[in-house]
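Below: one structure, written as structure tokens.
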């Protein structure tokens, strides 16, 4: 996904604020070297198992920063693997999320929203 790093919160840890076509949030830069403001193509990763999530009725997807509390992500379930990994569609991109097994059922096509402590941003070149 194409993002714009608007602010570097902590160069040493890689903490940044970013905006994207689906919203704004905070994340940890996992590229070589310290993060800098500017536009990048990145793959998002959720570093932890998602333990709390819910289904939403509204269509669409998004990323929304939750001041000081991480980031809320909403997407469409595209695939569910046997190992509790859910492929979540965010516009043209897919985010793989590991959900706590057995919490409650989720099906392909459902709209899922979860809050994570943050996202990891892995840059790549097209």
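Residue numbers (the numbering used here): 1 to 126. All C-beta atoms in this analysis are idealised placements derived from N, C-alpha and C, irrespective of residue type, glycine included. Since this is a predicted model, take the numbers as computed values, not measurements.
Can you find the residues in the same chain that come closer than 6 Å, C-beta to C-beta, to residue i, ignoring five residues on each side of it along the sequence?
i, result
"residue 64", "23, 72"
"residue 4", "19, 39"
"residue 7", "17"
"residue 123", "31, 40, 42"
"residue 44", "95, 119"
"residue 47", "120"
Using a Cβ-Cβ cutoff of less than 7 Å, which residues in the same chain neighbour residue i once the five nearest sequence positions on both sides are dropped?
i, result
"residue 98", "49, 50, 84, 85"
"residue 96", "85, 87"
"residue 70", "115, 116, 117, 118"
"residue 79", "87, 108"
Leaving out five residues before and five after residue i in sequence, what residues of the same chain have Cβ atoms less than 8 Å from its Cβ?
i, result
"residue 126", "41"
"residue 21", "1, 2, 91"
"residue 26", "9, 15, 16, 17, 18, 65, 70, 71, 118, 119"
"residue 13", "28"
Using beta-carbon positions only, say whether residue i and residue j come within less than 7 Å of one another.
i, j, result
"residue 110", "residue 1", "no"
"residue 61", "residue 75", "yes"
"residue 15", "residue 28", "yes"
"residue 100", "residue 77", "no"
Would you decide whether residue i is buried or exposed? Buried here means 16 or more other CB atoms lie within 10 Å of its CB.
i, result
"residue 56", "exposed"
"residue 33", "exposed"
"residue 107", "exposed"
"residue 88", "buried"
"residue 121", "buried"
"residue 35", "buried"
Is it the case that the CB of residue i approaches a heavy atom of the ligand FAD more closely than 6 Å?
i, result
"residue 4", "Among the ligands in the structure shown, none appear at all, so the ligand FAD cannot be discussed."
4 or more residues per run - each alpha helix (DSSP H) lying fully within the region 87-119: Whole alpha helix (DSSP H) segments, 4+ residues: zero.
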